[in-house]
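Chemist:
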Amino acid sequence: MKKADRTALIALPIIILVGLGIALAGGQGGSLVFGIPLFAFAVGLAFLIQWLAFIPAFALQSEKFFDITGSMTYISVAAIAVLLSPEIDGRSLLLLGLVVIWAGRLGVFLFRRVHKVGKDSRFDEIKPSFFRFLMTWTLQGLWVTFTVAAALAAITTNVRQELGWVALIGFLVWLFGFGVEVVADNQKNRFRENPA
C-alpha cells in the first residue's frame with residue numbers, strides 16, 4: 000500500500016470522529032427525530048450523501064459532479080432540518096433560503112468551471128486511489144458540516160425566536176459576504192481567461 004493511501008486510511012476515521020463530535024455537540028438540547036438529535040441526523044445525512052456520490056464517482060473515475068454534490072448536500076441538509084423540525088419559523092426559513100441561494104450559486108459556478116476546463120486537475124492523482132478519493136468525499140461531508148453548523152443549530156433548536164434586528168444584522172452581514180464572494184469569483188474567472 001502506498002504512503003498516500005495509508006495516510007488516507009488513517010485520516011478517514013479521524014474525519015468521521017470529528018464529524019461525530021460536531022454532531023453530538025450540536026445536537027445538545029435540540030429537536031429530536033427518530034429518537035436522535037435532528038442536528039446529528041443532518042450531519043449524518045451530509046456524510047451519507049457524500050459516500051453515495053463517491054460510488055459512481057469512483058466507478059467512473061470522475062470528479063465532475065464533486066462540487067455540485069457538495070452544493071446539493073448543503074441544500075439537502077438544511078431543507079431536511081427545516082422539514083423535520085417540530086416547528087417551522089421565520090428564522091429557519093430565512094436560514095434555509097440563504098443556504099439555498101449561496102450553495103446554489105456556488106455549485107453552479109464551480110460546476111460550469113469544471114465542465115468548461117473539462118476536468119479538475121486537483122483530482123488527477125487522487126481519483127485512482129480508492130482510499131484517497133473516499134477521503135476527499137468524506138472530507139467534503141465534514142466541510143459541509145462545519146460550514147452549515149451555525150444554521151443547523153438555529154434551525155434545530157427547541158428555543159424559537161422571532162425575526163428581529165439581530166436577524167436583520169445577520170442578513171446584512173451575509174449579503175455583504177455573498178456580494179464579496181460573487182465579485183471575487185467573477186474577477187478570478189476574468190483573470191483565468193486573460194492572465195496577461
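So the sequence shown is numbered by numbering that gives the first Met the number 0: it starts at 0 and just counts up by one. C-beta atoms are modelled at their ideal positions from N, C-alpha and C, and glycine is treated no differently.
1) Whole angstroms is fine: what's the gap from A24's alpha carbon to E86's?
2) Within its chain, find whatever has a CB closer than 6 Å to the CB of E62; leave out the 5 residues flanking it on each side and keep chain order.
3) Relative to the alpha-carbon of T72, which residue among A45, M0, G34 and F57 has its alpha-carbon at the smallest distance?
4) If you follow the alpha helix (DSSP H) that S70 is in, where does it begin and where does it stop?
5) Below 9 Å between beta carbons: does that hold for A77 and F64?
6) Taking the alpha carbon of N188 as the reference point, which residue from K115, L133, A166 and W136 has its own alpha carbon closest?
7) Could you have a look at V158 and say whether DSSP puts it in helix, strand or coil?
8) Could you please give the first and the last residue of the uninterrupted alpha helix (DSSP H) stretch that includes D184?
Modeler: Quick look at the numbers:
1) Start at 1 with the first residue of the sequence shown, and residue 24 comes out as number 25. Start at 1 with the first residue of the sequence shown, and residue 86 comes out as number 87. Looking at the two C-alpha atoms, the distance is approximately 21 Å.
2) Taking the sequence shown and counting its residues from 1, the one referred to as residue 62 is at position 63. Only D119 and F122 meet the Cβ criterion.
3) Start at 1 with the first residue of the sequence shown, and residue 72 comes out as number 73. That would be A45, whose Cα lies nearest to the Cα of T72.
4) Residue 70 sits at position 71 when you count from the first residue of the sequence shown. Counting along the chain, the alpha helix (DSSP H) containing S70 begins and ends at F65 to L83.
5) On the sequence shown, residue 77 is found 78 positions in, with the first residue counted as 1. On the sequence shown, residue 64 is found 65 positions in, with the first residue counted as 1. For A77 and F64, no; Cβs fall outside 9 Å.
6) Here residue 188 is taken as the residue at index 189 of the sequence shown, counted from 1. Of K115, L133, A166 and W136, the residue nearest in Cα terms is K115.
7) Numbered from its first residue, the sequence shown carries residue 158 at position 159. Coil.
8) Against the sequence shown, residue 184 aligns to sequence position 185. Counting along the chain, the alpha helix (DSSP H) containing D184 begins and ends at W164 to E192.
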